[in-house]
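K.L.:
Oh and the sequence shown: position 38 is 44 in the working numbering, straight run, nothing missing. Ideal Cβ placement from N, Cα and C applies to all residues, glycine included.
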Amino acid sequence: MRRHNTNDNGPAHRGRDDRLQTTPGELADLIAASYRRAPRAVLVAAGFTGLAGWLTGIAWLQGLLATLAVLTGLYAAGHLIFLARAAREYADALATTHALYVRRHDGSGGTEGDADGFDPRKEPWWG
């Protein structure tokens, strides 16, 4: 079964890769919002699941809820790890893109070929 592409807004939009429509600022906001909201919400859910398991008098249900609480906590930890990795890679990519833009547009006559082997961490502004 073929899924309908909801990003297709007519002939003017066909052939474009809509995955690349997010600006760097929007992507940074999404990463920051995910850092703020998702792990805390998952940990609260794990806490409520653990509390429900503790308050329940049925042994098998207590075990099931305790297992769910642990799995939910592990999900939150994994989410934080993957978010940290994504944020670090995004920051590196954004810094590289910015450095290449500055290098090409600062009047020094840089070209596309200048990008070969460029490492922004060796630049003085990297910090």
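1. Three-state secondary structure (DSSP) at T103?
2. Roughly how far, in whole angstroms, is the beta-carbon of T55 from the beta-carbon of L86, given that I think they are within contact range, below 8 Å?
3. My understanding is that Q68 touches G79, with C-beta atoms under 8 Å, so please give their C-beta distance in whole angstroms.
4. How many Å lie between L77 and Y41 at the Cα?
5. Can you give the beta carbon distance from V48 to A72, rounded, assuming they're within the 8 Å contact cut?
6. Identify, in the order they occur along the chain, each residue of the same chain with its Cβ nearer than 8 Å to the Cβ of A92, setting aside the five sequence neighbours on each side.
7. How long is the line joining the alpha carbons of A57 and A90, rounded to whole angstroms?
8. So, with DSSP's three-state summary, where would you put T62?
9. Using a Cβ-Cβ cut-off of 7 Å (strictly less than) and excluding sequence neighbours within five positions of P45, which residues of its own chain qualify?
10. Could you give the distance in angstroms between the alpha-carbon of T62 and the alpha-carbon of A99?
P.N.:
Reading from the atomic positions:
1. Your numbering for residue 103 matches position 97 in the sequence shown. It is helical.
2. Position 49 of the sequence shown holds residue 55. Position 80 of the sequence shown holds residue 86. The beta-carbon distance between T55 and L86, rounded to whole angstroms, is 19 Å. This is too long to meet the 8 Å contact definition.
3. For the purposes of this step, residue 68 is taken as residue 62 along the sequence shown, with counting starting at 1. For the purposes of this step, residue 79 is taken as residue 73 along the sequence shown, with counting starting at 1. Contact doesn't hold; Cβ gap of about 17 Å is too wide.
4. Working through the sequence shown from its first residue, we reach residue 77 at position 71. Working through the sequence shown from its first residue, we reach residue 41 at position 35. Rounded to the nearest angstrom, the gap between the Cα atoms of L77 and Y41 is 19 Å.
5. Counting from 1 along the sequence shown, the entry for residue 48 is found at position 42. Counting from 1 along the sequence shown, the entry for residue 72 is found at position 66. With a Cβ gap of about 16 Å, V48 and A72 do not count as contacting.
6. The residue you call residue 92 lines up with position 86 of the sequence shown. Scanning its chain for C-beta atoms nearer than 8 Å, with the 5 sequence neighbours on each side dropped, one finds around A92 the residues I37, in chain order.
7. By one-based count along the sequence shown, residue 57 stands at place 51. By one-based count along the sequence shown, residue 90 stands at place 84. Sequence check: residue 57 is Leu here, not Ala. Each residue's CA atom was taken as its position, placing L57 and A90 some 29 Å apart.
8. Residue 62 sits at position 56 when you count from the first residue of the sequence shown. Correct three-state label for T62: coil.
9. What you label residue 45 is simply residue 39 of the sequence shown in a count that begins at 1. Cβ neighbours of P45 beyond the five flanking positions: A82, H85, L86.
10. Counting from 1 along the sequence shown, the entry for residue 62 is found at position 56. Counting from 1 along the sequence shown, the entry for residue 99 is found at position 93. Their backbone Cα atoms lie some 50 Å apart in a straight line.
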